[in-house]
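Trainee:
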Amino acid sequence: MSDTPDSMMRGLQSSLAAVYIALVGACEHLPVPITLPTGVVHSSELMDAVRRVSEISEEQPMPEEQQAMLYTGSIMWLAAADLYGMLKHTDYVATRAEGALGILLVAGDSIGDLSTWLANNES
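Counting from 2, one number per residue, gives the positions in the sequence shown under the numbering used here.
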């Protein structure tokens, strides 16, 4: 990729935010809603909240496939956030940034599929 490190980091940060916002929306519509932090929040609080979502995903009263979508979206977001943190605090590695963006695609797809299922199954 020909993107500069600064451009890639901005894109990664934007993608992390977009996928997190999608996760917030999905969690609000779960059979047992989960409220995630929004607004100005420290990254460690976000990480803890998303980690908790992954830990309790199988407790949601919905089919296993949808539980897996919630779990996958959560852990993939966490993995991408970890890579972003590594990139911010160590030397920039293009493949690490590209990998994080790829991971966010998986997270976004899982959360999107879950959101579609939730919309189609609202009571």
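Don't be surprised by glycine CBs; every beta carbon is placed ideally from N, CA and C.
Out of P32, G100, L71, which one is the CA nearest neighbour of E123?
Mentor: P32
Trainee: Note down, in chain order, each residue of its chain lying with its Cβ closer than 6 Å to the Cβ of I76, except the 5 sequence neighbours on either side.
Mentor: Here the set comprises S55.
Trainee: Closest to T5 by C-alpha separation, out of G103, T96, S116, G109, would be which residue?
Mentor: T96
Trainee: Between M2 and the rest of its own chain, which residues show a CB-CB distance below 7 Å, the 5 nearest in sequence each way excluded?
Mentor: Because the pLDDT at M2 is just 47, under 50, the model does not fix this residue reliably, and the value given afterwards should be weighed accordingly. For M2, where only same-chain residues beyond five positions count, the Cβ hits under 7 Å are A95, E99.
Trainee: Do you know offhand how far W78's Cα is from D114's?
Mentor: 15 Å
Trainee: In terms of residues, what are the limits of the alpha helix (DSSP H) holding H90?
Mentor: 65-90
Trainee: Is A101 closer than 8 Å to L13 when the C-beta atoms are compared?
Mentor: yes
Trainee: What residue from A120, R52, L119 has the CA that sits closest to D83's CA?
Mentor: R52
Trainee: Roughly how many angstroms lie between the CA atoms of T73 and R11, to the nearest whole one?
Mentor: About 24 Å.
Trainee: Do you know how far the Cα of E66 is from the Cα of A80?
Mentor: 21 Å
Trainee: My assumption, with CB atoms under 8 Å, is that S16 sits in contact with L105. Please give the rounded CB distance.
Mentor: Going by Cβ atoms, the distance from S16 to L105 rounds to 5 Å, so yes, they are a contact pair.
Trainee: Please report how far the alpha carbon of L47 lies from the alpha carbon of N121, in whole angstroms.
Mentor: 28 Å
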